[in-house]
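One structure is given below, encoded as structure tokens.
2 protein chains.
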Amino acid sequence: MKFSVTVVLKKDVLDPQGKVVQNTLNNLGMNDLKSIRQGKFFEIEIDEKDQKKAEIKVDDMCKKLLVNLIIEDYKINKL
Amino acid sequence: MKFSVTVVLKKDVLDPQGKVVQNTLNNLGMNDLKSIRQGKFFEIEIDEKDQKKAEIKVDDMCKKLLVNLIIEDYKINKL
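Respectively, the protein sequence lines represent chains G and E. For the first sequence, position 79 (counting from the first letter as 1) is numbered 79 according to this note's numbering, and the numbering increases by one without interruption. Numbering-wise, this note's numbering comes out as the position in the second sequence, counting from 1, plus 100.
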């Protein structure tokens with residue numbers, strides 16, 4: 001079973017990496033850009049047929065390693 | 101108009117970062133994990149009301165800066 005996980009910084013947390021990308025795109029002449037924020041993306045394949053159990057396992061991975069819950073939000077989607 | 105862009109390494113490109121995450125999760129006792137690949141995620145807000153034009157602009161940003169087309173694939177979604 002395959003899942004995707006997207007991890008983004010919480011709204012009020014500064015995103016210096018995104019800021020640099022934004023400035024660079026502006027310098028490239030793209031003035032319509034209002035904002036850009038960068039995050040992480042994971043594609044996870046798991047050996048578990050029950051969707052609920054699989055989701056719990058993926059959630060566990062996020063909490064234990066992939067996501068810093070203090071500054072980041074995450075979302076799990078089935079692929 | 102808001103878009104999300106996910107960037108992942110192409111299938112045949114080695115993903116050392118993902119490999120390290122996979123080993124670490126295995127060491128944490130998660131043996132059901134078959135594979136994990138890490139990529140980038142962007143949340144882009146653009147000042148353009150026409151969806152087609154906006155999509156073309158986002159695609160342009162990807163090609164010019166966000167994505168290395170030689171080793172990476174990308175996908176654009178409207179949010």
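Where is the CB? At the ideal position from N, CA and C, for every residue including glycine.
Taking 8 angstroms as the CB threshold, residue 59/G stays off the interface with chain E.
Per the Cβ contact rule, the segment 137–155 of chain E is in contact with the segment 102–112 of chain E (3 or more Cβ pairs under 8 angstroms).
Around residue 139/E, the same chain offers 106, 107, 108 and 109 as residues with beta carbons nearer than 7 angstroms, after the five sequence neighbours per side are excluded. Here the segment 116–128 of chain E does not lie against the segment 20–38 of chain G, with fewer than 3 beta-carbon pairs under 8 angstroms apart. For the segment 22–52 of chain G, the set of positions with a beta-carbon nearer than 9 angstroms to some beta-carbon of chain E reads 24, 25, 28, 30, 31, 32, 33, 34, 35, 36, 37, 38, 39, 40, 41, 42, 43, 44, 45, 46, 47 and 48 in chain order. Shown here for residue 33/G: same chain residues with a beta carbon closer than 6 angstroms to its own, the five before and five after excluded, namely 25 in chain order. A Cβ-Cβ contact shorter than 8 angstroms links residue 137/E with residue 43/G. Neighbours of residue 65/G in chain E, taken as residues at a C-beta separation under 8 angstroms, are given in chain order as 121, 124, 125 and 128. When secondary structure is reduced to three states using DSSP, residue 68/G falls in the coil class, being assigned neither helix nor strand. Taking a contact as a CB-CB distance under 8 angstroms, the pair residue 176/E and residue 159/E counts as one, their CB atoms being some 6 angstroms apart.
Residue 66/G counts as buried, since at least 16 other C-beta atoms from the protein chains shown sit within 10 angstroms of its C-beta. Looking only at 35/G, 51/G and 46/G, the smallest Cα-Cα distance to residue 23/G is reached by 35/G. Taking a Cβ-Cβ cut-off of 8 angstroms, residue 13/G has no neighbours in chain E, whose nearest Cβ is about 13 angstroms from it.
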